[in-house]
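S.K.:
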Amino acid sequence: MRARTRLAIGAVSAVAGAALLTGCGDAGSSGTDAPATSASGAGCAPVAGQQLIALQDDKKLQNSDNVIPAVNSKAANPQLIAALDKVSAALDTPKLIQLNKAVNDERKTPKVAAEEFATANNLTAGIAKGPGGQITVGAGNFAESQILGELYRIALTAAGYQVKVQQIGNRELYAPALEKGEIQVVPEYAATMAEFLNTKANGPNAQPVSSPDINTTVTALKAEGDKAGLTFGTPAAAQDQNAFAVTQAFADKYGVRTLSELAAKCSGSATVLGGPPECEQRPFCKPGLEKTYGLSVGKFSSLDQGGPLTKSGLRDGSISVGLIFSSDSAFATS
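Letter by letter, the sequence shown follows residues -18 to -1, 1 to 316 of mature numbering (1 follows the signal peptide of the UniProt record, and there is no 0).
Now the structure itself:
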């Protein structure tokens, strides 16, 4: 199970909210009126195919969940932050997809995948030496977090630290360890971490602080981090957030590349949306698609949170569109 929780956070964050397990979305809605619950048009029947693509979230339903280094403030110094920022500078979403493919599909270890990436992207060039010492990088209990942890290890080693990567489980476990200084660095996701800290400090009904705009989200994240003794580096271009996927064959048949095009061309009875059970209630999933895009579907298929059931449903032609994570290796093109 992944350490992030988009759908769960979506429940806390309400319609503006931000988080991952939000099961569907995070982020600012731009407001068209919600359509009628029944789908009256013809819609777009599923089209089987192996290659999946993510439809562009052109009205910014989801919040900005960019990868960002989180550091215990007592361990932070300019050289350490600069080394971690080198990782951020090297990562965009297509590269993160390929890293996930290397581990999840090609069965490389996170360490090997990270080392190959570091070599290919000249990751350690120009990294300045820091004061040195022992650094423990925490990682969540999913492959992507472990890959990022290994990239941080490589960069920090080049900066003169003695570094180990420790898998710690979910955020509820590693966040307290980071705040206490039991670990010093963790790869995080900007919007999800901002809402985690926000609700921890201000209660489960706190007004959401994250946004589809990464600068707004990071400003809020750093303010929340200050209260918890955490420092954050520069966000990567790479994002891992909720994404609505279709097969390439579906996109080609119906001429859709964006969620706006999906709503305009595919609202109707033949369209089947697949996702986790929570998707029917979460503001960044089915209700968000209805409110922000005006999409109506004929049927909802209860599957899983960006997992094998949803991807299989897309590929075998059981669902038209499904919720998976934007950095999933299923989006890899080679």
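Glycine included, C-beta positions come from ideal geometry on N, C-alpha and C. All values derive from a computational prediction rather than experimental measurement.
1. By Cβ distance below 6 Å, which residues in the same chain neighbour Ala27 in space, the five residues on each side in sequence not counted?
2. If I'm right that Asn54 touches Leu212 with Cβ under 8 Å, what's the distance once you round it to whole angstroms?
3. Let's see if you can read the secondary structure: which residues bound the beta strand (DSSP E) around Pro92?
4. How many Å lie between Val(-7) and Lys182 at the Cα?
5. Write down the C-beta distance between Pro92 and Ala125 rounded to the nearest angstrom, noting that I regard them as a contact closer than 8 Å.
6. Determine, for Val228, whether the minimum Cβ-Cβ distance to residues of chain D falls below 8 Å.
7. Alpha carbon to alpha carbon, what distance is there between Gly112 and Ile306?
8. Looking at the unbroken beta strand (DSSP E) that takes in Ala107, where does it start and where does it end?
9. Give me, in chain order, the residues of the same chain whose beta-carbon lies closer than 6 Å to that of Gln128; leave out the 5 immediate sequence neighbours on both sides.
10. Tell me whether Glu206 sits in a helix, a strand or coil according to DSSP, three-state version.
11. Can at least three beta-carbon pairs, one atom from the segment 227 to 243 and one from the segment 26 to 44, be found at a separation below 8 Å?
12. Thinking C-beta only, is Asp47 closer than 8 Å to Gln189?
13. Going by C-alpha to C-alpha distance, which of Ser309, Pro51, Ser278 sits closest to Leu255?
14. Would you list the residues sitting across from Asn224 in a DSSP beta bridge?
15. Which residue marks the beginning of the beta strand (DSSP E) containing Phe273, and which one marks its end?
16. Asn224 and Phe282: beta carbons closer than 8 Å?
17. Counting along the chain, where does the beta strand (DSSP E) carrying Gln116 start and finish?
18. Go ahead and label Pro169 buried or exposed: buried means 16 or more other beta carbons lie within 10 angstroms of its beta carbon, across all protein chains shown.
19. Contact check, Ser118 vs Gln166 under 8 Å by CB: the rounded distance?
20. Going by DSSP, what residue range makes up the alpha helix (DSSP H) through Val85?
21. Use the C-beta contact count for Arg89: other C-beta atoms within 10 angstroms, 16 or more gives buried, fewer gives exposed.
22. Could you give the distance in angstroms between the alpha-carbon of Pro17 and the alpha-carbon of Ser249?
23. Starting from Ser284, follow its DSSP beta bridges and name the residues at the other end.
24. If I'm right that Ala202 touches Ala219 with Cβ under 8 Å, what's the distance once you round it to whole angstroms?
25. Pick helix, strand or coil for Ala58, following the three-state DSSP scheme.
26. Indicate whether the contact test is met: 3 or more Cβ pairs, each with one atom in the segment 67 to 83 and one in the segment 267 to 274, closer than 8 Å.
27. Give the C-beta separation of Ala65 and Ala141 to the nearest angstrom, bearing in mind that I take them to be a contact with Cβ-Cβ under 8 Å.
28. Once you ignore the five residues that flank Gln61 on each side, which residues in its own chain have a CB closer than 6 Å to its CB?
29. Put Gly151 into one of helix, strand or coil per three-state DSSP.
30. Which whole-angstrom value describes the C-beta separation of Phe232 and Ser302, a residue pair presumed to lie in contact below a C-beta threshold of 8 Å?
31. Just reading off the alpha helix (DSSP H) that Phe178 is part of, what are its end residues?
M.R.: Based on what the coordinates show:
1. To locate residue 27, count along the sequence shown from 1; it is residue 45. Closer than 6 Å at Cβ, skipping near neighbours: Ala252.
2. Translated into the one-based positions of the sequence shown, residue 54 becomes position 72. Translated into the one-based positions of the sequence shown, residue 212 becomes position 230. Sure, about 7 Å apart at Cβ, within 8 Å.
3. Indexing the sequence shown from 1 puts residue 92 at position 110. Per DSSP, Pro92 belongs to no beta strand (DSSP E); it is in the alpha helix (DSSP H), 92 to 102.
4. Indexing the sequence shown from 1 puts residue -7 at position 12. Indexing the sequence shown from 1 puts residue 182 at position 200. Here Val(-7) scores only 37 on pLDDT, less than 50, and its place in the model is too uncertain to base an answer on.
5. Indexing the sequence shown from 1 puts residue 92 at position 110. Indexing the sequence shown from 1 puts residue 125 at position 143. The C-beta distance from Pro92 to Ala125 rounds to 6 Å, short enough to fall under 8 Å.
6. In the structure shown, chain D cannot be found, because there is only a single protein chain.
7. Locating residue 306 in the sequence shown gives position 324, where the first residue counts as 1. Locating residue 112 in the sequence shown gives position 130, where the first residue counts as 1. Their Cα atoms are separated by approximately 39 Å.
8. As a first step, residue 107 must be located in the sequence shown, where it is residue number 125. Careful: Ala107 lies outside any beta strand (DSSP E) and carries neither H nor E.
9. On the sequence shown, residue 128 is found 146 positions in, with the first residue counted as 1. Answer for Gln128: Pro92, Ala121, listed in chain order.
10. Within the sequence shown, residue 206 is the residue found at index 224, counting from 1. Helix.
11. Here the segment 227 to 243 makes contact with the segment 26 to 44; the two share three or more CB pairs at distances below 8 Å.
12. Here the question's residue 189 lines up with position 207 in the sequence shown. Here the question's residue 47 lines up with position 65 in the sequence shown. Taking 8 Å as the cut-off, the Cβ atoms of Gln189 and Asp47 do not count as close.
13. Position 273 of the sequence shown, counting from 1, holds the residue named residue 255. Of the candidates Ser309, Pro51, Ser278, Ser278 places its Cα closest to the Cα of Leu255.
14. By 1-based counting over the sequence shown, the position of residue 224 is 242. Phe307, per the DSSP bridge assignment.
15. Position 291 of the sequence shown holds residue 273. A small fix is needed here, since residue 273 is Lys in this sequence, not Phe. Lys273 -> no beta strand (DSSP E), and no H or E assigned at all.
16. Taking the first residue of the sequence shown as 1, we reach residue 224 at position 242. Taking the first residue of the sequence shown as 1, we reach residue 282 at position 300. At least 8 Å separates the beta-carbon of Asn224 from that of Phe282.
17. The count along the sequence shown starts at 1 and reaches residue 116 at position 134. 115 to 122 is the extent of the beta strand (DSSP E) around Gln116.
18. Numbered from 1 along the sequence shown, position 187 holds the residue referred to as residue 169. With 16 or more other Cβ atoms inside 10 Å of its own Cβ, Pro169 counts as buried.
19. As a working note, residue 118 is residue 136 in the sequence shown. As a working note, residue 166 is residue 184 in the sequence shown. Just to set this straight, residue 118 is Thr in the shown sequence, not Ser. Taking C-beta atoms under 8 Å as the contact rule, Thr118 and Gln166 qualify, at a distance of about 6 Å.
20. Walking along the sequence shown from the start, residue 85 turns up at place 103. Taken as a continuous stretch (DSSP letters only), the alpha helix (DSSP H) holding Val85 covers 75 to 86.
21. Here the question's residue 89 lines up with position 107 in the sequence shown. Exposed is the call here.
22. One-based indexing of the sequence shown puts residue 17 at position 35. One-based indexing of the sequence shown puts residue 249 at position 267. Low confidence applies here, because Pro17 scores a pLDDT of 39, under 50, leaving its location unreliable and the question unanswered by this model.
23. Counting from one through the sequence shown, the residue named residue 284 turns up at place 302. Ser284 pairs with Gly257.
24. Against the sequence shown, residue 202 aligns to sequence position 220. Against the sequence shown, residue 219 aligns to sequence position 237. 19 Å between Cβ atoms; not a contact.
25. Taking the first residue of the sequence shown as 1, we reach residue 58 at position 76. Ala58 falls in the coil class under three-state DSSP.
26. The answer is no - the segment 267 to 274 does not touch the segment 67 to 83, with fewer than three Cβ pairs under 8 Å.
27. For this step, residue 65 is matched to residue 83 along the sequence shown. For this step, residue 141 is matched to residue 159 along the sequence shown. For a cut-off of 8 Å, the C-beta gap from Ala65 to Ala141 is around 4 Å, short enough to register as a contact.
28. On the sequence shown, position 79 is the one that residue 61 refers to. Within the same chain, and ignoring the five residues on either side of Gln61 in sequence, the residues whose Cβ sits closer than 6 Å to its Cβ are Ala110, Gly112, Ala141.
29. Counting from 1 along the sequence shown, the entry for residue 151 is found at position 169. Residue state, collapsed to three classes: strand.
30. Taking the sequence shown and counting its residues from 1, one reaches residue 232 at position 250. Taking the sequence shown and counting its residues from 1, one reaches residue 302 at position 320. That belief holds up - the Cβ atoms of Phe232 and Ser302 are roughly 7 Å apart, short of 8 Å.
31. Your numbering for residue 178 matches position 196 in the sequence shown. Per DSSP, the continuous alpha helix (DSSP H) segment holding Phe178 begins and ends at 172 to 184.
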